[in-house]
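Data block below; observations after.
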Amino acid sequence: MSDIIVQVVTRMMIPYLQLYGLYIILFGHNSPGGGFAGGTVIASSLILYVLAFGIDNEELRLSGSVARIVESCGALAYVGIGLAGILLGANFLSNHSAGFPLGIPGRVFSGGTIVLLTVSIGLKVASTMITLFTNVAEKEGEGE
Amino acid sequence: MTLIHFLLLLFLIVCAFFVGRTKDLLSAVIVFSAYSLTMALLWQQLASPDVAITEAAIGAGVTTLLLFAAISRTRRME
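The listed protein sequences correspond, in order, to chains H and E.
Sequential numbering from 1 applies to the first sequence in the working numbering.
Sequential numbering from 145 applies to the second sequence in the working numbering.
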């Protein structure tokens, strides 16, 4: 499947889709959105790229092992940030009481660890969605 | 309850009815995508934009792609 119109429109749309996903993730604590919604937007942009430029092309798509590593890193980052609260002498996932600076309300880097938590959730959700799609869509006998 | 809410709800009910009724699964998935988009508009009108973003990304985006992939692996007609 290679349609020139689909490919050109995909090439034009993907930067804006990924920028919107990053915006939803990074502003998740100030405005509507968060790690889950932004991660799915980023994942759908990557799935659109794979669909437009050939699903059988192994070089294009995020391979299963890379997606698995990114997924595990997202989950481990979430747990690690949570355990940092315990190491600093407060509860699991505690934010200001563990000494993280809250910053100016309304800025991107405010709210202590919430930005890092949403970024790790976004990584995990995006790689999970890509793994789901490639597992369903790839042909028989190509599974790992 | 303005007119646009009424029209959106009516379209939602019609979409939900035809998703269950049609025998062509590809048409059902496309109508389900329209259902999700209408649902996202309604969530935004109900003053919950967070749910609206998630509904538009999951319902109209990823779920449609996953169901398309599943149909391409199986039969199109029910």
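The beta-carbon is built from N, C-alpha and C at its ideal position, and this holds for glycine as well.
Considering only E:Ala191, E:Ile197, E:Ala201, E:Ala196, the residue with the shortest C-alpha distance to leucine 48 of chain H is E:Ala201.
Between isoleucine 130 of chain H and alanine 43 of chain H, the C-beta spacing is below 7 Å. For glycine 205 of chain E, the chain H residues whose Cβ falls inside 8 Å of its Cβ are Thr40, Val41, Ser44, in order along the chain. Annotated as distal: asparagine 95 of chain H and glycine 106 of chain H, with beta-carbon spacing of 7 Å or more. Judged by DSSP in its simplified three-state form, methionine 145 of chain E adopts coil rather than helix or strand. Between valine 66 of chain H and alanine 213 of chain E the beta-carbon gap is near 20 Å, outside 8 Å, which marks them as no contact. Residues of the region 184-204 of chain E with a Cβ closer than 8 Å to any Cβ of chain H, in chain order: Pro193, Asp194, Ala196, Ile197, Thr198, Ala201, Ile202. In this structure, alanine 196 of chain E places its C-beta atom within 7 Å of the C-beta atom of alanine 184 of chain E.
Bounds of the alpha helix (DSSP H) holding valine 119 of chain H are 114-137. Contact annotation: leucine 154 of chain E and leucine 186 of chain E have beta-carbon atoms that are not nearer than 7 Å. Residues of the region 124-138 of chain H with a C-beta atom less than 8 Å from some C-beta of chain E are Met129, Leu132, Phe133, Val136, Ala137, listed in chain order. The beta carbon of phenylalanine 162 of chain E lies closer than 7 Å to those of Val175 in the same chain, with the five residues before and after it left out. If you compare the alpha carbons of E:Leu181, E:Gln188, E:Lys167 with that of glycine 33 of chain H, the shortest gap goes to E:Gln188. Restricting attention to H:Phe36, H:Ser2, H:Ser120, H:Gly28, the CA atom closest to the CA of valine 79 of chain H is found in H:Ser120. Serine 180 of chain E and alanine 160 of chain E do not touch by the CB rule: their CB atoms are close to 11 Å apart, not below 8 Å. Under the Cβ criterion of 7 Å, leucine 209 of chain E is counted among the residues facing chain H. Within a 10 Å sphere around the beta-carbon of serine 45 of chain H sit 16 or more other beta-carbons, which makes this residue buried. By the rule that beta-carbons nearer than 7 Å mark a contact, alanine 178 of chain E does not touch chain H.
By the rule that beta-carbons nearer than 7 Å mark a contact, proline 15 of chain H does not touch chain E.
With its beta carbon at least 7 Å from every one in chain H, alanine 172 of chain E lies outside the interface.
Of the candidates H:Leu132, H:Glu138, H:Ala126, the residue whose Cα lies closest to the Cα of valine 70 of chain H is H:Ala126.
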